[in-house]
Amino acid sequence: MFGRIDNRGFIGQFFILLLILIIAGLGIWLWSEVKNPIPQIKEKS
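In this text, residue positions in the sequence shown follow my numbering: the first is 7, and each later residue adds one.
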């Protein structure tokens, strides 16, 4: 597809993908935390 590898574009796509994974992970963690709170985590923090 591309004549040359755009390094900046690749890093940008990887960063966006990583950001989406982090947001999804936080969302799932928060949802499970709200669904059934774990007392052990609250004691540590």
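All C-beta atoms in this analysis are idealised placements derived from N, C-alpha and C, irrespective of residue type, glycine included.
Under the three-state reduction of DSSP output, residue 42 falls in the coil class, being neither helix nor strand.
Cα atoms of residue 21 and residue 27: separation of roughly 10 Å, rounded to the nearest angstrom.
CA-to-CA, the gap between residue 30 and residue 24 works out to about 10 Å. Just so you know, the alpha carbons of residue 16 and residue 39 end up roughly 34 Å apart.
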